[in-house]
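Quick note, the sequences are listed as chains F and L, same order. Take the first sequence: its letter number 20 is residue 20 in UniProt numbering, and every next letter is one higher. Take the second sequence: its letter number 9 is residue 9 in UniProt numbering, and every next letter is one higher. The block underneath contains the structure these notes are about, expressed in structure tokens.
There are 2 protein chains.
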Amino acid sequence: MPTSEPIDIFKERLKAARALRGLNQAELAAKAGLPPASVSHFESGPRKPSFDNLKALATALDVTTDYLLGRADTPEASAATVGRLHRDLGKLTEQDLKLATEFVDLLVKRGIKEGE
Amino acid sequence: MPTSEPIDIFKERLKAARALRGLNQAELAAKAGLPPASVSHFESGPRKPSFDNLKALATALDVTTDYLLGRADTPEASAATVGRLHRDLGKLTEQDLKLATEFVDLLVKRGIKEGE
DNA sequence: ATGGAACTTGACGGTTTCGCCAATCCAAGT
DNA sequence: ACTTGGATTGGCGAAACCGTCAAGTTCCAT
């Protein structure tokens with residue numbers, strides 16, 4: 001069951017994405033061009049980023065804004081990679097799409113225990 | 001000289017996405033739970049949407065926020081076609097993602113020669 | 001126990017968006 | 001010419017975010 005109630009997905013996602021990149025708040029802040037305290041406010045306080053800061057954070061972390069916003073479930077390794085793959089999916093025939101689905105399904109199941 | 005840089009991509013994208021759905025500002029506003037004037041402000045004025053309103057707009061239009069923000073090139077939100085697959089991609093490890101990419105790449109190339 | 005690094009929290013004034021309303025413009029259609 | 005529906009624009013107070021700073025916490029290493 002989806003234990004994570006949507007208390008504040010953004011905070012979680014931001015922290016997760018930052019951890020994924022192995023950055024501390026100050027480093028992320030530098031990359032995104034904003035003060036360290038702001039990052040902390042986003043992760044712990046009630047603040048939500050503005051239009052521009054959201055973009056800056058997503059770019060600095062190389063994740064989609066949809067992920068940060070909780071609109072997409074993808075931990076989003078590389079936006080470019082996933083983007084290309086997704087674009088290519090559109091070129092597939094119906095049955096090839098099914099093939100691809102099965103293949104990915106396999107990978108997912110196989111990779112679950114290798115979480116970390 | 002990249003002077004041709006759109007001054008405000010968001011405005012364009014918002015208008016485009018709305019047109020794509022065949023909605024007028026009032027209708028979009030209703031769907032997103034906003035006053036019609038706000039939509040107009042976004043499309044024509046200097047205002048940029050807040051965190052919550054950005055989400056609302058993207059949801060109402062069924063596009064990614066990355067698209068609206070100009071961080072992605074395709075509206076590509078309605079993952080209805082490849083929904084499950086796209087969702088699963090997020091669960092893949094970096095290297096499995098690469099595998100999947102190659103696999104799909106193969107299918108695409110193979111499918112092209114077989115006509116449509 | 002002392003020190004430092006990472007992070008949290010609270011406050012401040014300044015800026016921007018918020019929702020709302022009213023006025024206005026514009027391109028039809030009648 | 002007049003009206004109508006869609007869109008633009010501007011002003012209003014309220015609310016939220018902004019960057020900044022200063023103190024506080026927690027935890028780890030010396």
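Even glycine gets a Cβ: it sits at the ideal position worked out from N, Cα and C.
Query                                                                                                                                                                : Result
Could you tell me the distance, in whole angstroms, from the CA atom of L/Ala79 to the CA atom of F/Leu23?                                                           : Unreliable positioning characterises L/Ala79 in this predicted model, as indicated by a pLDDT of 46, which lies under 50. The coordinate reading is nonetheless provided below. Using only the alpha carbons, I get a separation of about 31 Å.
Figure out for me which residue from L/Lys48, L/Thr64, L/Tyr67, L/Ala32 has the closest Cα to the Cα of L/Leu57.                                                     : L/Ala32
Using 8 Å as the limit for Cβ to Cβ distance, is L/Lys31 near chain F?                                                                                               : no
Check whether chain L comes within 8 Å of F/Pro49, counting only Cβ atoms and requiring the distance to be less than that.                                           : yes
Helix, strand or coil for F/Lys31, going by three-state DSSP, please let me know.                                                                                    : helix
Within the continuous alpha helix (DSSP H) that includes L/Ala16, where are the two ends?                                                                            : 9-21
Would the beta-carbon of F/Leu68 fall within 8 Å of that of F/Arg18?                                                                                                 : no
Leaving out five residues on either side along the sequence, give the residues of the same chain with a beta carbon under 7 Å from the beta carbon of F/Pro36.       : Gln25, Ala26, Ala29
Check for me: the alpha helix (DSSP H) holding F/Ala37 runs from which residue to which?                                                                             : 36-44
Which of the residues in the region 37-71 of chain L, read from start to end, lie with their CB under 8 Å from any CB of chain F?                                    : Lys48, Pro49, Ser50, Phe51, Asp52, Leu54, Lys55, Ala58, Thr59, Thr64, Thr65, Asp66, Leu69, Arg71
Tell me the residue span of the alpha helix (DSSP H) that contains L/Gly48.                                                                                          : A quick correction: the sequence has Lys, not Gly, at residue 48 of chain L. Note, L/Lys48: premise wrong, no alpha helix (DSSP H); not H, not E.
Is the beta carbon of F/Arg47 closer than 8 Å to that of L/Thr65?                                                                                                    : no
Using a 10 Å radius around the Cβ and a threshold of 16 neighbouring Cβ atoms, would you call L/Leu34 buried or exposed?                                             : buried
Between L/Phe10, L/Val63, L/Thr59, L/Lys55, which lies nearest to L/Ser40 when the distance is taken from Cα to Cα?                                                  : L/Phe10
In chain order, what residues of the same chain have a beta carbon less than 6 Å from the beta carbon of F/Lys15, not counting five sequence neighbours either side? : Glu43
Put F/Ala72 into one of helix, strand or coil per three-state DSSP.                                                                                                  : coil
Report the three-state DSSP secondary structure of F/Thr64 (helix, strand or coil).                                                                                  : coil
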